[in-house]
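Worksheet: one structure, shown below.
In the working numbering, the protein residues as written are 82 to 569.
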């Protein structure tokens, strides 16, 4: 478990020590460390971190869990085929290379699987990334202060952890209902959408300028957050709006707010009584340390799917049993040789007598095998189909190598499906291009690579994030036949 917890904001660091106390967190020590205007000059921050940590030496360096606020990270919802958890890391990394607008090597990333919907052919994950320069600055500052950088959490998941541990959030199987947590801090407002205890989307916005503008500001940020989260949320209804903040801040919001948001129930939560307690230094309120409280709770006993950007989910290591297999095979061979040798010495006469019986049995078996040729052939065909059907990752890698290396065509999404019996898989590729000619060039390259491209009709629909890509197209690709050379 980490010794020190830090919320790493642009203007300041909120530093705390704490421990779990039932469903709440007891803060035993806290401090605000202001960051200098020059982001590269962290000497003053290093000195104050050293003072807070006390004496450190050698291998006994205090371990630190850092929490990045929403404005430091980007969040993408990615749809994948219905694969096992062990296959998710590789699949997510492959999708990230296509979805991110920056090189994969320039970010630290992790993902949180979303609950699987019964009967669905796909499953979703939440991909979270942070720029490596921000991560490197935090790591460098902690190293200079004699601290060990152990975890890098994200505030949205920490808020969900704190609320779930306090019993405010419960598991839910209704995919259409969402809850909204609104953290009402004086410096910013953070809005998190959840289904049960699973984080679906997070948004950070500016705080209010005066007390009489609290409800107006909150209504504006909730509307903006809901519009930004439309793609991630899909069809939904807001069930509850959970306002977390001081009594003065939450009390300034009337129930009229719910009329704009599906007549949702508004619940006001004072973190000083429901989530945290203990020693808070001057300038630090209970609302300021709610995210840190969630990090402390998650460090002790995680109850939700969260992310750690410096310890991301990885594929399970494949254990090498080759040496054991060789030794076992050698031992089995020696045992078999000894058994055969002594058996031959004592049983040669009996073996001769049983020869004809074995030959007759062999003929019967051969006849049964010949009679089962049709079933065997069908089994082979089924095996080929099954083997092909599950290699979606290989098909994605192959498709990535076939697509032309150009910035004039951008892939926005993949949808995978299968065809029964002798058919092949289908990939529906959604993307944007700068012109119709670029789309035709991609179609030609895919056709030459053996893909069966269904006739398509580009539409004039510029991408919202990149208006230069004016043409939208959906290409339905039939995978090359099983008998064709897959390496072509």
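By construction, the Cβ of each residue, glycine as well, lies at the ideal position given by its N, Cα and C atoms.
Separation of residue 95 and residue 361 (C-alpha to C-alpha, rounded to the nearest whole angstrom) is 11 Å. 8 Å or more divides the Cβ of residue 333 from the Cβ of residue 339. By the neighbour-count criterion, in which a residue is buried when 16 or more other Cβ atoms sit within 10 angstroms of its Cβ, residue 231 is buried. Look at residue 252 here: in three-state DSSP terms it is coil, with no helix or strand label. Residue pairing of residue 157 in beta bridges, as defined by DSSP: 208. In this structure, the beta-carbon distance from residue 83 to residue 380 falls below 8 Å. In this structure, residue 242 keeps its C-beta atom at 8 Å or more from the C-beta atom of residue 367. Proximity to residue 538 across 532, 372, 524, 184 peaks at 524, based on C-alpha coordinates. One alpha carbon belongs to residue 141, the other to residue 223, and they sit about 14 Å apart. Contact check for residue 148 and residue 373: beta-carbon distance about 6 Å, within the 8 Å limit, so the pair qualifies. Using a C-beta cut-off of 8 Å, the region 97-112 makes contact with the region 347-361, since at least three inter-stretch Cβ pairs fall below that distance.
In terms of Cα proximity to residue 526, the closest of 430, 278, 481 is 481.
Apart from sequence neighbours up to five positions away, no residue of its chain approaches residue 434 with a beta-carbon distance below 7 Å. In the displayed model, residue 289 falls within coil according to three-state DSSP, outside both helix and strand. If you look at residue 146, you'll find it isn't in any alpha helix (DSSP H); it sits in the beta strand (DSSP E) that goes 144-149.
Straight across, the Cα-Cα distance linking residue 221 with residue 152 is about 21 Å. Taking C-beta separations shorter than 6 Å and ignoring five residues to either side along the sequence, the partners of residue 349 in its chain run 324, 331, following chain order. In the displayed model, residue 349 falls within a strand according to three-state DSSP. Put simply, of 100, 180, 251 the residue whose alpha carbon is nearest the alpha carbon of residue 490 is 180.
If you compare the alpha carbons of 172, 154, 143 with that of residue 187, the shortest gap goes to 154. Here the region 106-126 makes no contact with the region 200-211; the two share fewer than three CB pairs at distances below 8 Å. Within the same chain, and ignoring the five residues on either side of residue 277 in sequence, the residues whose Cβ sits closer than 6 Å to its Cβ are 252, 253. By the Cβ neighbour-count rule, residue 100 is exposed, with fewer than 16 other Cβ atoms within 10 Å of its own. The beta carbon of residue 240 is closer than 8 Å to those of 262, 264, 271, 273, 325, 371, 372, 375 in its chain, skipping five residues each way along the sequence. In this structure, residue 439 lies away from residue 510, with their beta-carbon atoms at least 8 Å apart.
Taken atom to atom, the span from the alpha-carbon of residue 260 to that of residue 347 is near 10 Å. Of the candidates 441, 289, 218, the residue whose Cα lies closest to the Cα of residue 189 is 218. Taking each of 392, 157, 87 in turn and checking the Cα distance to residue 126, the smallest one comes out for 87. Per DSSP, the continuous alpha helix (DSSP H) segment holding residue 236 begins and ends at 236-246. Looking only at 225, 159, 199, the smallest Cα-Cα distance to residue 128 is reached by 225. For a cut-off of 8 Å, the C-beta gap from residue 553 to residue 535 is around 16 Å, too long to register as a contact. Each residue's CA atom was taken as its position, placing residue 115 and residue 92 some 6 Å apart. Counting along the chain, residue 260 sits inside the beta strand (DSSP E) bounded by residues 258-265.
About 7 Å separates the CB atoms of residue 476 and residue 508; that is less than 8 Å, so the two are in contact. Relative to the Cα of residue 191, the nearest Cα in the group 158, 406, 134 belongs to 158. In the three-state reduction of the DSSP assignment, residue 296 falls in the helix class.
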